[in-house]
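Input: a single structure, listed below in structure tokens.
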Amino acid sequence: MKKIIIYIGIVLIASGFIPKNLYAQDNFTEAVQTHVNHIEEFIDRFNFDEESQFYKYVQITYPREKVDRKRVLNALFNKRKTTLSLDSVRENFVEDVSDSERPVHIDIYDALWYATVPAQVTVDSIPIDMTITLEIQMNSDYSIEWSIVGIKSKSLEKMESHDKFYISASSHATYFPELYSALSSSTLFQSVVSDSQKESNTDKYLNLIAGKTVTDVIIKTGITYHFLQISGWIMKVEYVPQDYSLNTGWLISEVKAVDSFLEKRLYQKQVLGINNTN
Numbered sequence: 002m003k004k005i006i007i008y009i010g011i012v013l014i015a016s017g018f019i020p021k022n023l024y025a026q027d028n029f030t031e032a033v034q035t036h037v038n039h040i041e042e043f044i045d046r047f048n049f050d051e052e053s054q055f056y057k058y059v060q061i062t063y064p065r066e067k068v069d070r071k072r073v074l075n076a077l078f079n080k081r082k083t084t085l086s087l088d089s090v091r092e093n094f095v096e097d098v099s100d101s102e103r104p105v106h107i108d109i110y111d112a113l114w115y116a117t118v119p120a121q122v123t124v125d126s127i128p129i130d131m132t133i134t135l136e137i138q139m140n141s142d143y144s145i146e147w148s149i150v151g152i153k154s155k156s157l158e159k160m161e162s163h164d165k166f167y168i169s170a171s172s173h174a175t176y177f178p179e180l181y182s183a184l185s186s187s188t189l190f191q192s193v194v195s196d197s198q199k200e201s202n203t204d205k206y207l208n209l210i211a212g213k214t215v216t217d218v219i220i221k222t223g224i225t226y227h228f229l230q231i232s233g234w235i236m237k238v239e240y241v242p243q244d245y246s247l248n249t250g251w252l253i254s255e256v257k258a259v260d261s262f263l264e265k266r267l268y269q270k271q272v273l274g275i276n277n278t279n
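Going by the numbering used here, 104 is the number at position 103 of the sequence shown; the sequence numbering is gapless.
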């Protein structure tokens, strides 16, 4: 699958913070919630180990506080999305990742975490809405950059063939006669190609803009980070804008328990638009 490399640093959207004492809660919880301005800061708080900057900050600023990782993790959830069902899942998630014998940590260099970015591109006066999926790629010199690995777009998906043509499950008994038609027509050929071999939305986009004029590119707000590297879990992190009432910044919007890596592969394909998940 083709990749489009975007040479950008790990500099992500920042935002302001809520001034202290604007809502009633303890100072420590407020400190966890109100300065998560970059995804790197979220990762630092999530890990909360002796090497993390936030851990060192807490030891100096709140020497008398009884602070453990569970308390920090609970403060990283978006309180606007708190429900009884989420509370139950959240408790299981927090217990799992903060296990004292096998604590789970995440890193910006990890594989299997992604950013999804909504965008609109106007090609030959036709606007096309899409969501771009990016992944961190490590280079031979150990530098890192974001790389496009998938695109979700209803407009691009409509370009697929909808012809009712297939190779029968019993076709082998008659030496696969459907192949005569399939190999003679590009449209019919696309109908019988395995999903793993089909043209991805990334390929379709490249073909779409080849020789055409892109007149406008809009990168929209609403970036989401998807962490799939945590065993047994998928975690989504979204930016919560400042409103002076609850926690703000990059916070956990959803955690989902998964029983197998197959579920994560389906998530990559169906949610992130990644075809090549080998």
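Every residue, glycine too, gets a C-beta built ideally from N, C-alpha and C.
For residue j and residue i, the rounded distance between their alpha carbons
i	j	result
Tyr24	Asn248	For Tyr24, the predicted model reports a pLDDT of 33, less than 50, meaning its position is unreliable; a value from the coordinates is still stated below. Approximately 10 Å between the Cα atoms of the pair.
Trp147	Glu136	6 Å
Val105	Asp130	36 Å
Pro64	Thr203	51 Å
Ile275	Phe49	31 Å
Leu263	Lys257	14 Å
Leu273	Thr132	8 Å
Gly212	Asp97	51 Å
Arg103	Thr134	30 Å
Leu229	Thr175	45 Å
Endpoints, the alpha helix (DSSP H) within which residue i is located
i	result
Leu207	202-210
Asp45	40-48
Glu179	179-183
Tyr58	54-62
Boundaries of the beta strand (DSSP E) in which residue i is found, first to last residue
i	result
Lys153	145-153
Ala120	114-124
Proximity winner among the options, relative to residue i (alpha-carbon distances)
i	options	result
Asp241	Ile44, Asn93, Gly250, Gly151	Note on residue identity: the sequence assigns Val, not Asp, to residue 241. The residue with the shortest Cα to Cα distance from Val241 is Gly250.
Ala170	Tyr58, Val193, Tyr63, Lys155	Val193
Tyr167	Glu179, Lys159, Thr175, Phe228	Glu179
Gly233	Gly212, Arg266, Leu209	Arg266
Arg81	Ile253, Asp50, Ser201, Glu200	Ile253
Phe94	Asn75, His227, Glu51, Glu52	Asn75
Phe285	Lys257, Glu92, Ile107	Nothing can be reported for residue 285, as the shown portion of the chain is limited to 2 through 279.
Ser154	Glu264, Ser201, Tyr181	Ser201
Glu255	Ile210, Arg91, Ile40	Arg91
For residue i, the residue or residues it bridges with in DSSP
i	result
Phe78	Ile253
Asp130	Gln121
Gln138	Glu146
Val105	Bridge partners of Val105: none, in fact.
Val37	Gly250
Asp217	Thr123
Residue ranges of each beta strand (DSSP E) run of no fewer than 3 residues wholly in the segment 222-275, ordered along the chain?
225-228, 234-241, 250-258
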